[in-house]
C-alpha cells in the first residue's frame with residue numbers, strides 16, 4: 055500500500071530537472087492545476103527552463119490553443135528552486151535527470167533522506183530499469199516509471215512502467231494523474247526499452263541502415279514514414295531532435311540487454327557521434343539544422 059496516497063491527495067508535483075523533458079512536464083502539470091516545484095542544479099538552468107515554458111505558452115496563445123488567463127495560471131502554479139530539500143514536500147516527484155542509473159538511484163536516496171512523508175517517486179527514463187532504480191529506495195512499492203514524450207505539452211502518450219516491486223496503488227494513482235494532465239496512459243512491464251522505446255529505436259536504427267545502404271536520402275526515408283504511415287516526424291529527424299548521443303546510448307543498452315542484432319548501433323550513428331554531430335542541439339546530425347530554409351539532409355545520399 056502507498057501509506058494513504060490516493061489520486062485526490064496529489065496536490066503538489068515536484069519535477070527534478072528543468073531541461074527539455076523536465077520543463078515540459080512542469081508545464082503540463084501546472085496547466086492541469088497542480089502546484090509545481092521545478093528544481094535544477096543552478097539558477098541559470100532553471101531560468102532557461104522557465105523561459106522555455108513561457109515560449110511554449112506564448113505559441114499556444116498565438117495559435118489559439120491557450121488564453122492569456124491560461125498562461126498566467128500556469129506560470130503562477132510553478133515555483134523554481136535549486137534546493138532538493140524543497141522538492142521533498144511534494145506528493146508526487148518526477149525525475150527527468152540524464153539517463154544514468156547511478157544518478158537516478160542517488161536522487162531517490164537523497165529525496166527520501168529529506169522526507170519521511172509518503173510520496174510517489176516516478177522516473178521519466180526512456181529505457182533504464184525501474185526495478186533497478188527502486189533498489190535504492192526504502193519504499194520500492196512507491197517507485198514507478200512515468201515516461202513522457204517530447205514535446206511534452208503536445209504529445210498525448212505517457213508510458214507507465216511497472217517495476218517488480220511497484221504497488222498496484224502506485225499505478226492507479228499515476229494513471230489518474232496522467233489523465234488529469236490530458237495524457238493517454240499505457241501500462242507496460244519493466245523490460246529493456248519498455249514498449250515505446252523498443253519499437254521506436256528499432257525503427258530509427260533500421261532507417262539508419264537504409265541510409266548507409268544508399269536506399270534513399272534521410273529526407274526521403276523520413277517522408278516515407280510521415281506520409282505513408284502518418285508519423286508526425288520521420289525516424290531520422292526524430293533522432294536529431296532526441297540527440298544522436300542519447301539514441302546511441304539507448305541502442306547500446308538494448309543491444310547488450312536483449313542480445314538482438316536489431317539493436318546493434320549502425321556505423322553511421324557511431325561516426326556522427328564521434329564527429330560531435332549530435333543533431334539539432336549541435337546544429338548537425340542527419341540534417342543540417344543551420345540551414346534555416348529547409349533543414350536539408352546533411353549525411354547520406356542525396357536525390
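Numbering (this note's numbering), first residue to last: 55 to 357. Think of the CB as a built atom: it goes at the ideal place given N, C-alpha and C, for glycine as much as any other residue. The structure presented is a predicted model; accordingly, all values stated were derived computationally and were not measured.
Item: Cβ-Cβ distance between residue 197 and residue 158 below 8 angstroms; Value: no
Item: Contacting residues, own chain, Cβ-Cβ under 8 angstroms from residue 65 (five flanking each side not counted); Value: 88, 89, 145
Item: Residue 168 - containing alpha helix (DSSP H), residue span; Value: 155-168
Item: Boundaries of the beta strand (DSSP E) in which residue 239 is found, first to last residue; Value: 238-243
Item: Which of helix, strand or coil DSSP assigns to residue 251; Value: helix
Item: Beta-carbon separation (whole angstroms), residue 219 vs residue 194, contact threshold 8 angstroms; Value: 4 angstroms
Item: Exposed unless 16 or more other CB atoms sit within 10 angstroms - verdict on residue 122; Value: exposed
Item: Inter-residue Cα distance where the pair is residue 176 and residue 202; Value: 11 angstroms
Item: CB of residue 242 within 8 angstroms of CB of residue 215, strictly; Value: yes
Item: Residue 103 versus residue 335 - alpha carbon distance; Value: 15 angstroms
Item: When 232, 200, 230 are compared against residue 217, the one with the closest alpha-carbon; Value: 200
Item: Span separating the alpha-carbon of residue 330 from that of residue 73; Value: 20 angstroms
Item: Closest by C-alpha distance to residue 148, when choosing among 222, 119, 261, 75; Value: 75
Item: For residue 175, the residue or residues it bridges with in DSSP; Value: 147, 197
Item: CB contact flag (residue 178, residue 150, <8 angstroms); Value: yes
Item: Spatially closest choice to residue 362 from 293, 141, 283, by CA coordinates; Value: Only positions 55 to 357 of the chain appear in this structure, which leaves residue 362 out of reach.
Item: Supposed contact pair residue 246 and residue 181 - C-beta distance, whole angstroms, cut 8 angstroms; Value: 7 angstroms
Item: Straight-line Cα distance separating residue 289 from residue 277; Value: 10 angstroms
Item: Residue environment, residue 345, which counts as buried when at least 16 other CB atoms sit within 10 Å; Value: exposed
Item: Residue span of the beta strand (DSSP E) that contains residue 69, given as start and end; Value: 66-70
Item: Test item: CB-CB of residue 138 and residue 165 under 8 angstroms; Value: yes
Item: Residue range of the beta strand (DSSP E) that includes residue 134; Value: 132-135
Item: Under the three-state DSSP convention, the category residue 313 falls into; Value: coil
Item: Bounding residues of the alpha helix (DSSP H) (the contiguous stretch that carries residue 229); Value: 222-234
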